[in-house]
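Here is the structure we will look at, set down as structure tokens.
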Ligand code: ADP
Ligand code: AMP
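Right, dumping it as structure tokens:
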């Protein structure tokens with residue numbers, strides 16, 4: 009099964025992609041995570057991308073398409089994947105379509121997470137992650153079970169994203185509106201769009217996603 013999770017920054021794509029990947033044994037492919045890893049590793053692409061990401065703008069189609077094209081060639085993607093944060097432009101969607109066609113694979117569903125603006129901002133500014141294993145948390149909505157200790161790996165080091173600032177958020181929302189929201193119409197017209205209320209709790213959203221996937225198959 010090959011899925012796309014679509015929605016504005018902070019909608020819960022990463023959170024749900026991670027849960028779905030475990031439940032359905034699919035590989036989670038987050039272009040944001042891949043670009044941040046490249047930036048941390050200090051590669052040329054990573055350093056270039058970081059300057060763009062910190063401002064809240066989109067990295068070029070050329071770079072992200074290349075990253076995804078190389079990644080889906082890997083054997084672990086053969087059983088299926090969940091794209092989280094890709095495609096983000098109509099050009100990227102067209103490139104993905106071609107990649108899948110060449111590999112004789114199909115897109116099973118595009119799941120749109122719908123969340124109000126104010127809630128998105130609240131989720132973004134409260135977001136943090138374990139610095140060691142990357143597990144995601146939120147100041148209000150998803151706290152570690154033991155105070156300041158990661159549930160997964162026990163680390164006590166946490167970090168926040170450089171682009172989760174009020175200024176970058178405004179630019180990221182504009183980029184979503186301008187470049188990414190047309191994908192909702194694009195996938196609607198193709199009959200693959202499934203919309204879920206992303207305002208609900210993490211568990212309820214996960215349940216609703218399972219519901220739409222069950223109807224599909
Ligand atoms: P995205 O990948 O779409 O940018 P994330 O999955 O990183 O969004 O979620 C943003 C923040 O909101 C994270 O801190 C996460 O823990 C929290 N979050 C995600 N889904 C929900 C939800 N349904 N209810 C409350 N908080 C959520
Ligand atoms: P995310 O982790 O999905 O919130 O992405 C963080 C940032 O990485 C975005 O604001 C962009 O700068 C960049 N990025 C991630 N995925 C893409 C993509 N598919 N196209 C362009 N830029 C991307």
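In this note's numbering, the protein residues as written are 9 to 225.
By construction, the Cβ of each residue, glycine as well, lies at the ideal position given by its N, Cα and C atoms.
What is the residue span of the beta strand (DSSP E) that residue i lies within?
i           : result
residue 122 : 117–122
residue 89  : 89–92
Can you tell me whether residue i is buried or exposed, with buried defined as 16 or more other CB within 10 angstroms of its CB?
i           : result
residue 47  : buried
residue 161 : exposed
residue 103 : buried
residue 223 : exposed
Give me, in chain order, the residues of the same chain whose beta-carbon lies closer than 7 Å to that of residue i; leave out the 5 immediate sequence neighbours on both sides.
i           : result
residue 107 : 77 and 80
residue 9   : 32, 34, 88 and 116
residue 194 : 98 and 101
Over what stretch of residues does the alpha helix (DSSP H) that includes residue i continue unbroken?
i           : result
residue 182 : 174–183
residue 41  : 39–49
residue 197 : 190–198
Could you name the residues of the same chain whose beta carbon sits closer than 6 Å to that of residue i, not counting the 5 residues immediately before and after it, in chain order?
i           : result
residue 123 : 19, 206 and 207
Alpha carbon to alpha carbon, how far is residue j from residue i? Give it in angstroms, no decimals.
i           : j           : result
residue 147 : residue 196 : 34 Å
residue 111 : residue 74  : 15 Å
residue 114 : residue 218 : 19 Å
residue 94  : residue 39  : 6 Å
residue 71  : residue 42  : 11 Å
residue 37  : residue 90  : 6 Å
Could you check whether residue j and residue i sit closer than 8 Å to each other, using their CB atoms as the reference points?
i           : j           : result
residue 154 : residue 145 : no
residue 17  : residue 168 : no
residue 204 : residue 120 : yes
residue 210 : residue 201 : no
Leaving out five residues before and five after residue i in sequence, what residues of the same chain have Cβ atoms less than 8 Å from its Cβ?
i           : result
residue 164 : 156, 157 and 158
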